[in-house]
Every structure is written in structure tokens, then in C-alpha cells.
Amino acid sequence: MLKVLYAGSPEAAALVLERLLELHNKDFKIVGVLTNPPSPQGRNKKLLPTPVEQKVRAYEEKSTEQIPVLTPQKLDAVARGAVSDLQPDVLVCFAYGKIFGPKFLALFPLGGINLHPSLLPLYRGCAPVPAAILDRQSQTGVTVQKLAQKMDSGDILSQQVIPLNGTETADSLLEDSAKIGANMVLSLLQDVSVTGTLPVGTPQDDSQATYCTMLKKEDGCIDWSGSAEEIDAQIRAFNSWPGAFTCVDNTVLKIHKSAVFTGDLPAAVTDAVKSTPQPGQILGTDKTQGILIQTGKGVLCVTELQWQAKKLMPWKDFLNGSRNFVGSCCSSNTK
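Quick note on our numbering: the sequence shown kicks off at 460 and runs consecutively.
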């Protein structure tokens with residue numbers, strides 16, 4: 460039976476593992492799981508295992524079988540020895556969080572495959588989902604590729620397109636990508652269990668490659684001179700981390716949910732704003748679309764937001780506790 464080592468860490472990787480566990484000991488055997496060590500989480504900084512490790516433990520509670528979980532700080536000789544002891548045939552990786560060197564990849568007779576949530580060679584790198592949303596692409600996708608020494612440059616084994624409608628968040632799109640990708644990986648492993656080898660794959664065209672970089676906290680700071688479409692995309696792209704934020708009256712305000720305002724401004728707003736409003740000005744409200752904020756081009760309507768260190772609220776509840784909010788102005792200066 461084909462022996463698989465699965466490597467992954469975050470919630471999306473746990474979704475893929477959950478699907479693979481459904482066929483564990485049927486078409487293939489998961490001989491071990493490689494994930495990051497427990498890390499401090501929440502306000503209390505309690506050490507918690509990764510979602511992938513938690514998924515394994517939940518599976519073990521319902522099964523008589525134990526699946527080895529490896530949580531090395533680095534992929535050194537000790538970690539390679541632990542993997543070698545499991546005698547895996549193939550490595551399956553999704554969002555593990557560490558780079559695999561040649562000595563590590565040599566442990567797998569059939570090589571390794573990686574699930575990447577973009578249509579490679581587009582959006583190589585560690586944040587392809589936010590990047591596609593931020594760029595307001597009409598489509599993205601999922602790629603299963605062979606693992607190579609150069610990041611995200613391996614031969615393509617399969618791809619599936621995901622149409623985008625402009626309402627996706629990074630969280631929702633990553634979840635969809637994980638579910639689609641899990642089925643793609645399952646199909647591939649079922650084939651490999653019969654053939655005993657990975658398919659040849661299609662080389663990527665490096666001349667068409669685009670890249671995305673690691674997200675930084677300051678990426679979430681809203682520049683209100685941008686258009687409503689650009690700012691809405693920023694809010695959706697960074698909804699998980701770092702979050703989109705601005706400053707009102709020297710206090711950081713986090714914006715969680717928004718849309719581009721459609722229709723005519725309410726009469727109360729147009730009467731109050733006699734001159735051309737400045738980008739970032741909080742114009743008023745629309746009873747169905749939320750709080751209206753002027754941008755460099757168009758109006759953004761905000762429906763979920765919170766003051767820093769306060770509770771996330773729907774816009775109506777938020778205004779009940781922030782009665783002087785309308786008429787103030789959002790600023791990009793959060794220092």
C-alpha cells in the first residue's frame with residue numbers, strides 16, 4: 460500500500476488532512492504527519508498544537524489507530540531520521556511553513572507533491588489567496604505540483620480554476636481552495652497507488668511567473684485616497700490577518716466587512732455634505748447598506764467593525780456606542 464507522509468499546519472491544511480483520512484488504509488496509508496510545534500495562542504498565550512495536529516488527535520479518539528505526529532523546530536538530521544523511520548513513499552504538503560531541502564526530499568522514493576492555492580506560475584509565494592483578492596482577479600485556482608528546490612516552481616500535475624465574484628474573503632477562498640485541492644490530491648494518490656509512480660507533469664513557464672510576498676501588519680492600513688473597489692478588496696484580502704484598519708480620533712478602528720456603495724446617497728447625507736467630501740470622511744448611513752465612508756473614488760459601505768481591543772459589532776450596534784462617529788474622518792496615521 461502507498462505510504463504517505465502529510466505535512467501541513469493551519470486550518471486549511473487540516474481540511475485537506477480530514478479528507479485524506481477518509482481514505483486512510485484504503486487506497487493509501489498515512490504513516491505520519493509533519494506539522495509545526497505548538498505555539499502561543501490567544502490573549503493568554505497558551506501553547507496550542509496546530510489545527511493539523513488537532514485533527515489527528517480527533518481522528519485518534521474515534522479510531523484504535525495512532526498516527527505519529529512529528530513537530531520539529533527545524534528539519535535537521537534528527538527530524539530526517541524520524542521521517543526515515545516511517546518509511547514513507549511520497550510526501551504530500553500543503554501550507555507546512557518550512558522549506559524542504561534536498562536531503563529531506565531524498566527520503567521519499569516517489570518524491571513530493573504540493574498543493575498551492577493559485578494557478579501556477581501565477582502567484583508563487585506564501586500569500587497567493589490574499590494577493591488574488593487584492594488584485595481583484597476574475598479567477599484564481601488550485602495547483603498540484605511536484606515539489607522542487609525552487610519555491611512553487613515544480614512540474615504541474617493538475618489544476619482547477621476557481622471563478623471569483625468579488626465578494627470572497629481570504630478565509631472563504633482558502634477554505635474553498637482547500638476543499639477543491641483535497642479532492643485533486645485524493646485523485647492523484649489513487650492513481651499513484653495503482654501505477655506506483657508520480658505522473659511526469661508539465662513544466663512551468665518561468666517567464667509567466669508572478670510573485671507574492673509575506674504579509675506585513677502595515678499592509679492592513681487603509682489609504683482612503685484609493686477607490687472604494689480597492690479598499691473593499693483590501694478588507695476582504697486581509698480579513699484573517701493582518702486585518703484592515705484605520706484611525707478615527709486617534710483610536711485604531713478595524714473594519715471587517717464592507718462593500719462598494721451602490722445607489723444614491725441618502726438625502727440627509729447630501730444635505731450635510733455641502734462641499735466635496737474628503738477621502739476618509741464618514742458621511743452618514745444607509746439603512747440597508749451600512750456606514751458610508753468617502754474614498755478617493757466612490758463610497759464604501761461598512762457593515763462590521765470594531766474599535767481596537769473592543770468587541771466586533773454590526774454597524775448599527777457600533778453606532779449606538781459611538782454617537783459622534785458620523786461626521787468624523789478616517790486617517791491612515793495609526794501611530
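Glycine included, C-beta positions come from ideal geometry on N, C-alpha and C. Only a predicted model underlies this, so the values are computations on that prediction, with no experimental measurement involved.
Host beta strand (DSSP E) of residue i (start-end)
{"i": "residue 753", "result": "749–753"}
{"i": "residue 421", "result": "The requested residue 421 does not occur in the structure, where the chain is confined to residues 460 to 794."}
{"i": "residue 620", "result": "615–622"}
{"i": "residue 467", "result": "461–467"}
{"i": "residue 488", "result": "487–493"}
{"i": "residue 550", "result": "549–553"}
{"i": "residue 776", "result": "No beta strand (DSSP E) contains residue 776, which is instead part of the alpha helix (DSSP H) from 774–779."}
{"i": "residue 744", "result": "741–745"}
Residue i (DSSP reduced to helix, strand or coil)
{"i": "residue 583", "result": "strand"}
{"i": "residue 568", "result": "coil"}
{"i": "residue 708", "result": "coil"}
{"i": "residue 528", "result": "strand"}
{"i": "residue 756", "result": "strand"}
{"i": "residue 644", "result": "helix"}
{"i": "residue 632", "result": "helix"}
{"i": "residue 720", "result": "coil"}
{"i": "residue 790", "result": "strand"}
{"i": "residue 508", "result": "coil"}
{"i": "residue 725", "result": "coil"}
{"i": "residue 761", "result": "strand"}
{"i": "residue 713", "result": "strand"}
{"i": "residue 574", "result": "strand"}
Same chain, Cβ closer than 8 angstroms to residue i, neighbours up to 5 away in sequence not counted
{"i": "residue 773", "result": "762, 763"}
{"i": "residue 570", "result": "549, 550, 564, 605, 606, 657"}
{"i": "residue 632", "result": "576, 588, 591, 592, 599, 621, 623"}
{"i": "residue 727", "result": "743"}
Residue nearest to residue i in terms of C-alpha spacing, selected from the options
{"i": "residue 701", "options": "719, 725, 676", "result": "676"}
{"i": "residue 602", "options": "565, 474, 517, 663", "result": "663"}
{"i": "residue 542", "options": "591, 465, 475", "result": "465"}
{"i": "residue 489", "options": "580, 743, 525", "result": "525"}
{"i": "residue 529", "options": "744, 494, 546", "result": "494"}
{"i": "residue 575", "options": "566, 553, 560", "result": "553"}
{"i": "residue 566", "options": "463, 660, 778", "result": "463"}
{"i": "residue 738", "options": "776, 767, 786", "result": "786"}
{"i": "residue 558", "options": "783, 521, 531", "result": "531"}
{"i": "residue 533", "options": "474, 670, 560", "result": "560"}
{"i": "residue 667", "options": "583, 637, 502", "result": "583"}
{"i": "residue 759", "options": "775, 719, 646, 712", "result": "719"}
{"i": "residue 612", "options": "660, 468, 517, 622", "result": "660"}
{"i": "residue 687", "options": "654, 744, 712, 757", "result": "757"}
{"i": "residue 792", "options": "509, 711, 766, 685", "result": "711"}
{"i": "residue 683", "options": "696, 671, 704, 695", "result": "704"}
{"i": "residue 790", "options": "511, 752, 597", "result": "752"}
{"i": "residue 638", "options": "625, 619, 669, 778", "result": "619"}
{"i": "residue 695", "options": "708, 713, 788", "result": "713"}
{"i": "residue 581", "options": "555, 671, 568, 636", "result": "671"}
{"i": "residue 478", "options": "609, 504, 515", "result": "515"}
Beta-carbon proximity list for residue i, same chain, < 6 angstroms, skipping 5 on both sides
{"i": "residue 617", "result": "603, 643"}
{"i": "residue 486", "result": "649, 652"}
{"i": "residue 749", "result": "760, 761, 762, 774"}
Residues near residue i by beta carbon distance below 7 angstroms, same chain, minus five either side
{"i": "residue 698", "result": "628, 629, 630, 715"}
{"i": "residue 692", "result": "592, 593, 595"}
{"i": "residue 511", "result": "467, 468, 472, 473, 476, 492, 494"}
Residue i, enclosing alpha helix (DSSP H) - first and last residue
{"i": "residue 498", "result": "Segment 498–500 is the beta strand (DSSP E) holding residue 498; no alpha helix (DSSP H) there."}
{"i": "residue 534", "result": "Segment: none, residue 534 is in no alpha helix (DSSP H) and carries neither H nor E."}
{"i": "residue 482", "result": "Residue 482 -> no alpha helix (DSSP H), and no H or E assigned at all."}
### Task
Quick one: which unbroken alpha helix (DSSP H) runs of 4-plus residues sit fully inside the stretch 652–702? Chain order, please.
687–696
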